[in-house]
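One structure is given here, and the rest of the page talks about it.
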Amino acid sequence: MWASTAVDGDWGAPVLVPQSGTEPQSLQLAAEGGHAVVGWTANQQGTTVLRVARRLSATSWDGSSIISPLPQGTVAQYDLDVDASGRIHAAQELSAPQARVVVSRLAPGQDGPDHGYFAVGTGKPSLDVNAAGDAVVSLYRENTDEVLVSRRATAGSWTQPESLLFETQDGDSVAAVNADGRGLVAYVTEAEGRDVVRVAKVAADGDPDVPGIVSDDGEDAAAPAIALNDAGDAVAAWRTRVGGQYGVDLAVSNQYGEFGTSTEIAAPGVVGADVAPVTAITRNRVRAVGYRAAGNLVLRTRSNAFNAQWTSYVVGASNGELGLDSDSEGNFVAAAIQGGANGFVHGDFFDATGPTLKVTGPGAQVLAPSFPVTWTATDSLSGPAPSTALYRTSAAWNQAAHGKTSLFVSGLPGSKVTFPGKPGTSYCFQVYADDLAGNPRSSTARCTTVPLDDRKLTGTGWKRSKGKGHFLGTVTTTTTKGKTLTRTGVKAKRLALVVARSPQGGKVKVTFAGKTLRTVNLKGTGKRKVVGLATFASVKAGTLKIKVTSANGKRVTIDGLVVAK
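Okay, so the sequence shown: first residue is 17 according to our numbering, each after it adds one.
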């Protein structure tokens with residue numbers, strides 16, 4: 017048994033995975049957060065057991081471990097996953113001495129797996145685990161022809177299995193779970209004389225909703241697949257049969273909502289009767305469905321259900337099993353088997369998303385009107401395009417919210433530009449760029465504030481002066497107790513003072529909207545020092561007052577006020 021690891025789209029040489037016992041069968045691979053595991057069944061003294069091995073590096077795997085319970089039964093089928101901590105999860109159907117499902121979990125360094133047993137007569141498990149280790153499992157109860165679902169939080173135990181209603185004939189189902197522990201289960205039932213695909217939502221406490229039909233009228237459906245991203249966006253696909261010919265349909269949902277009308281992506285007659293589609297979805301809602309047609313693995317992708325066409329990409333020859341997943345950047349990786357005397361496994365990456373962009377500067381406030389905006393752009397497959405567009409929003413110190421997003425400049429080379437800001441204004445910046453495959457992407461916003469100058473604070477008995485090293489070259493000072501500076505009409509979500517400290521520095525009490533924020537001690541050294549005052553849950557309006565509380569003769573130097581949104 018061999019395994020290959022790809023880095024930035026380049027596959028490394030196959031590496032031998034250590035194994036014990038007889039020839040491995042029923043291979044499965046799972047990966048999450050840099051961890052990868054492979055599972056397989058093997059004969060162990062007349063009993064079929066499930067073995068697993070962990071990837072230690074791109075060129076090595078550890079020795080295999082038995083994760084199935086011994087000597088309690090032989091493994092008929094299983095489903096495998098791994099979480100971001102490296103814990104291996106396996107749902108197994110034991111066929112003897114009593115048919116039942118057991119879910120096993122093995123953490124790195126753990127002496128042996130722990131097991132959770134379901135009732136006798138259960139089988140055909142499907143398991144999905146999120147990065148935190150929360151899991152959803154669906155299983156078949158033969159004596160009632162029901163699909164059941166159970167949920168386990170990473171630190172909890174399995175919930176009592178709940179029926180999804182509507183009898184199923186083949187017992188097959190597929191489970192998916194997202195980052196907050198909610199899940200979906202797809203399975204086939206009969207309705208009005210035809211086979212239909214139903215999807216049930218599973219709450220974080222394990223309770224399922226009434227399953228809804230997602231497949232189309234007038235056709236039989238089978239072999240459902242489903243994928244769910246952390247935001248709750250999903251894609252379900254299944255094989256269709258119309259007049260003895262077979263195709264592939266799918267349906268999508270957003271943010272854990274209802275599935276829309278099904279879409280045909282492979283017309284009847286395009287695929288064979290044994291085709292089972294595979295699905296994947298990225299964090300930014302790019303969806304993919306893979307299926308075998310005309311002896312090839314065909315990948316269909318769509319970034320937006322409303323304004324983009326389903327693109328088609330032939331991965332390569334295949335007459336066996338298919339695999340499809342997305343990487344951390346949001347690209348797809350597909351794998352297929354071409355069996356036979358000169359058989360082989362091949363994998364291919366599909367560049368489905370734009371570069372990873374991040375605005376890295378400026379910081380929370382800048383102490384100059386003009387300042388640099390910096391960003392990074394990376395793309396593991398095609399690479400980022402050589403130009404970037406910078407967009408911004410702004411809000412003055414007396415405005416409650418940012419205005420509309422506007423383009424500052426486009427066609428920027430490099431990763432830095434100087435922005436001409438205004439005192440007393442907050443700005444938020446986003447960068448937009450394509451990769452060399454033409455996929456667009458935007459960064460999340462990064463915000464900063466240029467302080468309001470001390471000259472905008474009103475008061476009597478203060479000295480207004482100029483000096484090097486101060487914000488805008490001005491400063492306001494006093495040595496008299498009780499003197500105040502005020503600014504009416506302030507609208508802020510975060511407030512901070514810009515001050516100068518001195519060895520004989522005094523103290524000021526700062527109030528806003530009638531409430532004391534804090535008393536600031538100005539003893540020390542240094543100019544243009546930013547002292548945080550308060551951060552609010554939402555924008556708050558009022559008058560800000562700075563009052564000297566130290567004794568006469570203590571120096572108080574105010575240089576500006578940060579009013580951030």
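For every residue, glycine included, the Cβ atom is placed at its ideal position computed from N, Cα and C.
Check	Outcome
Counting pairs of Cβ atoms below 8 Å between the region 192 to 207 and the region 241 to 258, do you hit three or more?	yes
Could you tell me how far apart the beta carbons of V98 and Q108 are, in whole angstroms, since I believe they sit closer than 8 Å?	The pair is not a contact, with the Cβ atoms about 15 Å apart (cut-off 8 Å).
Using the Cα positions of A238 and V314, report the straight-line distance between them to the nearest angstrom.	19 Å
In terms of alpha-carbon separation, which member of A405, V302, A350 lies closest to T369?	V302
Helix, strand or coil: which one does DSSP assign to N59?	strand
Classify R121: buried if its beta carbon has 16 or more other beta carbons within 10 angstroms, exposed otherwise.	buried
Would you give the residue range spanned by the beta strand (DSSP E) that T493 belongs to?	490 to 494
Quick one: grab the DSSP three-state call for K525.	strand
For a minimum of 3 consecutive residues, which ranges assigned as the beta strand (DSSP E) are wholly contained in the region 47 to 125?	51 to 60, 63 to 73, 90 to 98, 104 to 112, 116 to 122
Per DSSP, what are the beta-bridge partners of T551 in this structure?	R510
Just grab the DSSP bridge partners of T532 for me.	T527
Between which two residues does the beta strand (DSSP E) carrying P388 extend?	386 to 394
Suppose contacts are defined by Cβ-Cβ distances below 9 Å. Is A106 in contact with V119 by that definition?	yes
Which residues share a DSSP beta bridge with H131?	S120
Helix, strand or coil for T160, going by three-state DSSP, please let me know.	helix
Take L383 as the anchor and find which of D470, V375, A417, G399 has the nearest alpha-carbon.	D470
Look up F182 in the DSSP assignment and say whether it is helix, strand or coil.	coil
So what does DSSP say about F360, is it helix, strand or coil?	strand
Among A243, A411, N358, which residue has its Cα nearest to the Cα of S342?	A243
What residue range does the beta strand (DSSP E) around K432 cover?	432 to 436
Find the nearest neighbour of D285 within the set S269, G306, T256, N270, judged by alpha-carbon distance.	Residue 285 is actually Gly in this sequence, not Asp. Closest by alpha carbon: T256.
So for V290, helix, strand or coil by DSSP?	Sequence check: residue 290 is Asp here, not Val. Of the three classes helix, strand and coil, the one that applies to D290 here is coil, per DSSP.
I'd like to confirm the pairing. Which residues does DSSP put opposite I562 in its beta bridges?	L501, V526
What is the DSSP secondary structure of A321, counted as helix, strand or coil?	With a pLDDT of 48 at A321, under the threshold of 50, the modelled position of that residue is not reliable, and no figure is offered here.
Select from H362, D130, F366, F360 the residue whose C-alpha is nearest the C-alpha of F348.	F366
Round the Cβ separation of A508 and V555 to the nearest angstrom and send it over; I've been treating them as touching at under 8 Å.	7 Å
For the region 209 to 225 against the region 152 to 172, do three or more pairs of beta-carbon atoms, one drawn from each stretch, fall closer than 8 Å, so that the two count as touching?	yes
Does the beta-carbon distance from D188 to P240 come in below 9 Å?	yes
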